[in-house]
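All residue numbers for the sequence shown refer to my numbering, where the first residue is 12 and numbers rise by one.
For each residue, glycine too, the CB sits at the ideal point set by N, CA and C.
In this text the structure is predicted, and so the values were computed from the model without any measurement.
Report on one structure; see the data block that follows.
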Amino acid sequence: VTYSLTITNYPSNPYTNFQTHILLVPNPGTENAPDWNQPHTLALMIENHMDGTASGYLRYKTNLPNANAMMYNAEPTNGPVGHLATVEAPTPLGTWSLTFLNDTNITVTGPGGVTATANLELDAAGYFGSGLVAYFGNQPNGSVKSGQFCTLSRVKITGAWGPDIDDTFPGPDIDTNHW
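What follows is the structure, encoded as structure tokens:
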């Protein structure tokens, strides 16, 4: 299964930690911050840097509602590790994807063909096996970045149990057959 998004516009002033993401959440509620509120989240978090480059971080958490420390931890001596991989890209613009080769093997691909692979622990993979909701979007992560946004020109989900989704947002409205 592959989840991907294409970014065609990013804030012209690089705002550190401005984030674009693909969040995969099993059976979420109606809250507006499922990566924080829900106990289980798997995420590709894309952030730009001051030099115009970008990083894509593959992170997850399990059994941690209303918190996200596990997602940012890469050091086992600090508790459960949720940071799985990092992809360094020359720009945030372009296509980013998250591909599951099976339940535990994941490849992250970023602009310029950069890739990283990771393995999700089998017990954690069980939380993300079915009933997932995919969230594509951005968040400013701080009041100084409020009002900043990126433009997603394409979103795709392929290989899942349901019909593939390939939306280029020809708009003016969101296609309710997909979303």
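Could you give the first and the last residue of the continuous alpha helix (DSSP H) run that contains residue i?
i   : result
Y83 : 80–83
So for residue i, helix, strand or coil by DSSP?
i    : result
P103 : coil
N48  : helix
G123 : helix
P87  : helix
F139 : helix
S108 : strand
S154 : helix
H94  : strand
L53  : strand
G67  : strand
T41  : coil
T27  : coil
I185 : coil
N130 : strand
T118 : strand
Considering only C-alpha positions, which residue in the set the options is nearest to residue i?
i    : options                : result
S164 : K156, A145, D134, W107 : W107
A136 : T115, F160, A171       : T115
T128 : Q49, N113, I176, D177  : N113
L143 : T52, N79, T17          : T52
S15  : V166, P183, L131       : V166
N48  : W172, K72, P91         : K72
V12  : I117, F160, P25        : I117
D134 : F29, G170, N74         : N74
Q258 : G170, E58, A78, P183   : Nothing can be reported for residue 258: it is not among the residues displayed for the chain, which extend from 12 to 190.
From what residue to what residue does the beta strand (DSSP E) around residue i run?
i    : result
D134 : Segment 133–136 is the alpha helix (DSSP H) holding D134; no beta strand (DSSP E) there.
T19  : 13–20
S164 : 162–169
I176 : 176–178
I33  : 30–37
Could you give the C-beta distance for residue i and residue j, rounded to a whole number, given that I count them as a contact under 8 Å?
i    : j    : result
M81  : G67  : That pair is no contact at about 18 Å.
A100 : V125 : 5 Å
G63  : T102 : 6 Å
L69  : H32  : L69 to H32, Cβ: 11 Å. No contact.
Taking 8 Å as the threshold, find out whether the region 141–158 comes into contact with the region 36–49 through three or more Cβ pairs.
-> Short answer: they touch.
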